[in-house]
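Report on the structure given below.
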Amino acid sequence: MPLETKATITTFGGKLFKLSHPSSVTGTPMNLNLFVPPSALSKTAPAPVLIYLSGLTCSPDNCSEKGFFQHRASQLGLALVYPDTSPRGLSIPGQNDSWDFGEAAGFYLDATAEPWRENYKMESYITSELPSILFSDPEFGGYLDGTRVSITGHSMGGHGALTLYLKHQGKYQSVSAFAPIANPTRCPWGEKAFRGYLAGGVEEGKKHDAVELLRSGIWKGGDLKALVDVGTGDNFYKSGQLLPENLEAVVKEKGLEGVKVRYHEGYDHSYYFMASFSGEHVEHAARHLGLL
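In UniProt numbering, the protein residues as written are 1 to 292.
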């Protein structure tokens, strides 16, 4: 079934499409935003793709409105995909009881615990169903080069970008993250999510933890091509929710190359922080996708 267009917005010479489709993976309608740069709209060449994964409480609209990714992406000929953060509109008890678990907080994993396992399959959705639908769509597929894809994200989405990049090697040409939950088995956000979504709890959560995945030796791809930015004024960083230092430690421990972790004095967790460095994350992806 083709993607349904809910709105079309002209921005930075390109078009932002607000799209929807029924998902057989989640069993719900799923929304996403797609930015197509002017070079692809003119059919000069299909655009490589950067997938952006949003954080807790967010929808496809937050970053596309406030992250300012489109400006540099338009100049470089890079398409942007903004998926949703979870299934919506279900009647699962407890899904709206707290802001950091349930609806808008899918944690980019496939749940194995009841009652979440039937619908909360965000890993399969992001890595399999969404690209299949998007790249084969009769209208939008022709704008996009599905063989050249990178991934990025913020907070919970930074966790998702890092773990999906590590677990699905070869699918993405690079990864970057803003203030990622880098070691979720060691922080309250991750512990809550894993105890809720996973039958094996926090121990099973190691399969969805960038630090633990690297410690396990899963990475076989050489240079990691990873950029991570964190603000030192971020209260979630200061309270131990993000733990980027644990990511740095395991990279050093395993002798891995290609991970750049940057600490920015005074910046917080907000879109002001993201917008300040989004152009550099777009360029990081573009470099590994052959646009720079």
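The beta carbon of each residue, even a glycine, is placed where N, CA and C say it ideally should be.
query, result
"How would you call P93, buried or exposed, if buried means at least 16 neighbouring beta carbons within 10 angstroms?", "exposed"
"Give me the Cα-Cα distance between L76 and L292, rounded to the nearest whole angstrom.", "8 Å"
"For P29 and A111, I'd like the C-alpha separation in whole angstroms.", "18 Å"
"Looking only at its own chain, which residues have a Cβ that is under 6 Å from the Cβ of G196, when we skip the five neighbours before and after it?", "F101"
"If I follow the unbroken beta strand (DSSP E) through D145, where does it start and stop?", "144–153"
"Verify whether the separation of the beta carbon atoms of Y267 and G217 is less than 8 Å.", "no"
"Give the range of the alpha helix (DSSP H) segment to which L166 is assigned.", "156–167"
"When the Cα atoms are used, what is the spatial distance from K6 to N31?", "9 Å"
"Report all residues from its chain with a CB closer than 8 Å to the CB of A182; omit the five preceding and five following residues, and keep chain order.", "G158, H159, L162, A210, V211, V228, L242, L243, P244, N246, L247"
"Given this structure, state the Cα-to-Cα distance separating A113 from N119, to the nearest angstrom.", "11 Å"
"DSSP on G102, reduced to helix/strand/coil?", "strand"
"If we call anything under 8 Å between Cβ atoms a contact, is V81 one with R148?", "no"
"Measuring straight from C-alpha to C-alpha, what distance separates V202 and C187?", "10 Å"
"By alpha-carbon positions, which one of F69, K121, S74, T57 ends up nearest to S96?", "Correcting the residue identity first, residue 96 is Asn in this sequence and not Ser. The shortest C-alpha separation from N96 is found at T57."
"Are T127 and Y52 touching if we call contact CB-CB under 8 Å?", "no"
"Residue range of the alpha helix (DSSP H) that P38 falls in?", "38–41"
"Going by beta carbon distance, what residues of the same chain come within less than 7 Å of P2, once the five residues before and after it are set aside?", "D137, P138, E139"
"Starting from the N-terminal side, write out each stretch of the alpha helix (DSSP H) that is 4 residues or longer and does not extend beyond the region 226–250.", "235–238"
"Per DSSP, what kind of secondary structure is M30 in: helix, strand or coil?", "strand"
"Tell me whether N183, by its Cβ, gets closer than 7 Å to a heavy atom of the ligand GDP.", "For the structure depicted, the ligand GDP is absent and the ligand set is empty, with no information on it obtainable."
"Could you give the C-beta distance for A285 and S150, rounded to a whole number, given that I count them as a contact under 8 Å?", "4 Å"
"So which of S39, M122, R72 has the shortest CA-CA distance to S23?", "M122"
"Taking the beta carbon of Y272 as the centre, do at least 16 other beta carbons fall within 10 Å, making it buried, or is it exposed?", "exposed"
"Do L16 and E4 come within 8 Å of each other at the CB atom, strictly closer than that value?", "no"
"Would you mind listing the beta strand (DSSP E) stretches within the region 172–200 that are 3+ residues and don't spill past its ends, in chain order?", "175–178"
"Restricting to Cα atoms, I'd like to know which of A73, S91, G240 is closest to R287.", "A73"
"Drop a sphere of 10 angstroms on the beta-carbon of residue 293, count the other beta-carbons inside from all chains shown, and report buried for 16 or more, exposed for fewer.", "For residue 293 there is no data in the structure shown, the boundaries of the chain being 1 and 292."
"DSSP three-state call for K220: helix, strand or coil?", "coil"
"Using CA atoms only, rank isn't needed, just tell me which of S155, M156, K171, L166 is closest to D145.", "K171"
"So, under 8 Å CB-CB, Y143 and A79 are touching, yes? Tell me the CB distance rounded to an integer number of Å.", "7 Å"
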